Ligand code: EPS
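Residue numbers (the working numbering): 52 to 416.
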């Protein structure tokens, strides 16, 4: 299943070391201005080789628009995007082509298909997320133009380090998407020591959407939070998803968790902007946990394809913390889900219009 979405359908294809990766975005309304250079900002935010804290592979990640755009505008036909792979080093994988990295999809892909492309992780590589980010450039632009919706994320935890302050303006100024500039030296020192040790670490990324109007989401099986959770969980290495207060709700009382309402707006947002699977007009908030990368140069016990016990050592250019590059990917999945839901809401409920009373997302607007 390489396609997701209902009215906005995104299909991705390609392997990490194949000639190219790509996607087809079907269902984008006509008339949206779109040029190839608009993709580079988000693609560069996600790319490898940008700091010593991520994989050193250097891809240009230049998008070719193959279809769906005429004279700078979307035409309503499928938009096909292509990125050629240019910096594959497949020999890094020759030693482990017949071994299963513990904690990696190597084994489960082998069990399912009986064959796998081991070069750079093949289809299970995080390289695939490039095309999600590319597809979401279209969704982010449409959401912004049509509804004023913005989708933003940040790294909120790296291993045991949590952010001790918050400023959106800090997020894009460091290689971690960290919201508190004063802690960046601590993160750099932590990552330098981790990289030297040959180990990896998990992380948490938070993502929010502002400006989403009340009413998006399709109960019961197309709930906004259900589809968000599925989309975020489909990102490589994600092991947990929370919406709003998420798992903290286990120890909250109802009087604490419910978001009180006033004519001026909601007084809190424990729900993450979604009630009954439908947006409330509040900020949509989610967070994801990414496991530590399983491609390690530290030896580990495993088996090979003939079932013999072997010790595996992974060489190659790996991320010691995939969470560091995950912020634009989480934003992408949220934006794609929101655009799909916006189109579906328009299809069924456009005639309903704004139902009074419509209160603000928060008391301060
Ligand atoms: C990845 C392994 C590395 C990363 C890759 C994700 O691949 P390689 O060994 O070919 O360098 O560089 O990430 C990307 C190339 C990318 O664009 O995100 C993995 O196993 O997921």
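Positions of the beta carbon are idealized from the N, C-alpha and C atoms, including for glycine. Since the model is a prediction, treat every value here as computed from it, not as a measurement.
Which residue wins for smallest C-alpha separation from residue 91, given the options 110, 79 and 312?
Taking the first residue of the chain shown as 1, we reach residue 91 at position 40. Closest by alpha carbon: 110.
Return helix, strand or coil for residue 90, following the three-state DSSP convention.
Translated into positions along the chain shown, residue 90 becomes position 39. Under the three-state reduction of DSSP output, residue 90 falls in the helix class.
Would residue 199 pass as a contact of residue 268 if the rule is Cβ separation under 7 Å?
As a working mapping, residue 199 is identified with position 148 in the chain shown. As a working mapping, residue 268 is identified with position 217 in the chain shown. Going by C-beta atoms, residue 199 is not nearer than 7 Å to residue 268.
Thinking residue 500 and residue 78 are a contact (beta carbons under 8 Å), I'd like their distance in whole angstroms, please.
With the chain represented from 52 up to 416, any question about residue 500 goes unanswered, as that position is not in the structure.
Distance cut-off 6 Å: residue 87 Cβ against heavy atoms of the ligand EPS
For the purposes of this step, residue 87 is identified with residue 36 of the chain shown, where counting begins at 1. No, since every heavy atom of the ligand EPS falls outside the 6 Å radius drawn around the Cβ of residue 87.
Please classify residue 283 as buried or exposed, where buried requires at least 16 neighbouring CB atoms within 10 angstroms.
The residue labelled residue 283 in the question sits at position 232 within the chain shown. Under this definition residue 283 is a buried residue.
Residues near residue 288 in its chain [Cβ-Cβ closer than 6 Å; skip 5 each side]:
As a position in the chain shown, residue 288 is number 237, starting the count at 1. Beyond the five residues adjoining it in sequence on each side, residue 288 comes within less than 6 Å, by CB distance, of 341, 342 and 373 in the same chain, given in chain order.
Bounding residues of the alpha helix (DSSP H) (the contiguous stretch that carries residue 162)
In the chain shown, the residue the question calls residue 162 occupies position 111. It spans 157–164 - the alpha helix (DSSP H) in which residue 162 sits, taken as one unbroken run.
Residue 228 and residue 222 - do their beta-carbons sit closer together than 7 Å?
Translated into positions along the chain shown, residue 222 becomes position 171. Translated into positions along the chain shown, residue 228 becomes position 177. It is a contact, given that the beta carbons lie within the stated cut-off.
From 232, 171, 273 and 325, pick the residue whose C-alpha is nearest to that of residue 206; which is it?
Taking the chain shown and counting its residues from 1, the one referred to as residue 206 is at position 155. Considering only alpha carbons, the answer is 232.
To the nearest angstrom, report how far apart residue 285 and residue 407 are at their CA atoms.
Translated into the one-based positions of the chain shown, residue 285 becomes position 234. Translated into the one-based positions of the chain shown, residue 407 becomes position 356. Linking residue 285 to residue 407 through their CA atoms gives a straight-line distance of about 37 Å.
Would you grab the beta carbon distance between residue 411 and residue 351 for me? Rounded to a whole angstrom, and I think it's under 8 Å.
Along the chain shown, read from residue 1 onward, the residue named residue 411 stands at position 360. Along the chain shown, read from residue 1 onward, the residue named residue 351 stands at position 300. For residue 411 against residue 351, the beta-carbon gap comes to about 53 Å, at or over 8 Å, which does not count as contact.
What is the DSSP secondary structure of residue 25, reduced to helix, strand or coil?
Any answer about residue 25 is impossible in this case: the structure gives the chain only from 52 up to 416.
Does the separation of the CB atoms of residue 371 and residue 246 fall below 7 Å?
Counting from one through the chain shown, the residue named residue 371 turns up at place 320. Counting from one through the chain shown, the residue named residue 246 turns up at place 195. A contact, by the Cβ cut-off of 7 Å.
Does at least one heavy atom of the ligand EPS sit under 6 Å from the Cβ of residue 106?
On the chain shown, residue 106 is found 55 positions in, with the first residue counted as 1. Yes, Cβ of residue 106 sits closer than 6 Å to a heavy atom of the ligand EPS.
Can you tell me the Cα-Cα spacing of residue 380 and residue 183, whole angstroms?
Mapped onto the chain shown, residue 380 falls at position 329. Mapped onto the chain shown, residue 183 falls at position 132. Spanning the two alpha carbons is a distance of roughly 7 Å.
Enumerate, from N- to C-terminal direction, the unbroken beta strand (DSSP E) stretches of 3 or more residues contained entirely within the region 180–246.
For the region 180–246, whole beta strand (DSSP E) runs of length 3 or above, ordered along the chain, are 201–209.
Count the other CB atoms within 10 Å of the CB of residue 164; is the residue buried (16 or more) or exposed (fewer)?
For the purposes of this step, residue 164 is taken as the residue at position 113 of the chain shown. Of the other Cβ atoms in all chains shown, fewer than 16 fall within 10 Å of the Cβ of residue 164; this residue is therefore exposed.
Starting from the Cα of residue 116, find the closest Cα among 144, 126 and 86 and give me that residue.
Here the question's residue 116 lines up with position 65 in the chain shown. Of all alpha-carbon atoms in 144, 126 and 86, the one lying nearest the alpha-carbon of residue 116 is that of 86.
Under a Cβ-count criterion, where at least 16 other Cβ atoms within 10 Å of its own Cβ denotes burial, should residue 213 be classed as buried or exposed?
Position 162 of the chain shown holds residue 213. Classification of residue 213: exposed, given that the 10 Å Cβ count is below 16.
So, at 6 Å on beta carbons, what are the nonlocal neighbours of residue 383 in its own chain, with the 5 sequence-adjacent residues on each side left out?
The residue you call residue 383 lines up with position 332 of the chain shown. When the five nearest sequence neighbours on each side are left out, the beta carbons in the same chain lying within less than 6 Å of the beta carbon of residue 383 are those of 183, 184 and 187, in order along the chain.
Looking at residue 275 and residue 325, is the spacing between their C-beta atoms short of 7 Å?
As a position in the chain shown, residue 325 is number 274, starting the count at 1. As a position in the chain shown, residue 275 is number 224, starting the count at 1. Inclusion of residue 325 and residue 275 in the CB contact set at 7 Å is warranted, their separation being smaller than that value.
Of all the options 405, 123 and 347, which has the alpha carbon lying nearest to the alpha carbon of residue 331?
Residue mapping note: residue 331 aligns to position 280 of the chain shown, counting from 1. For residue 331, the closest of 405, 123 and 347 by C-alpha to C-alpha distance is 405.
Nearest to residue 239 by alpha carbon, out of 169, 250 and 225?
Here residue 239 corresponds to residue number 188 of the chain shown, with the count starting at 1. Just measuring C-alpha positions, the residue of 169, 250 and 225 sitting nearest residue 239 is 225.
For residue 60, which residues does DSSP report across the bridge?
As a working note, residue 60 is residue 9 in the chain shown. In DSSP, residue 60 forms a bridge with 77.
Using 8 Å as the threshold, is the region 67–76 in touch with the region 127–135, meaning 3 or more CB pairs across them?
Short answer: they touch.
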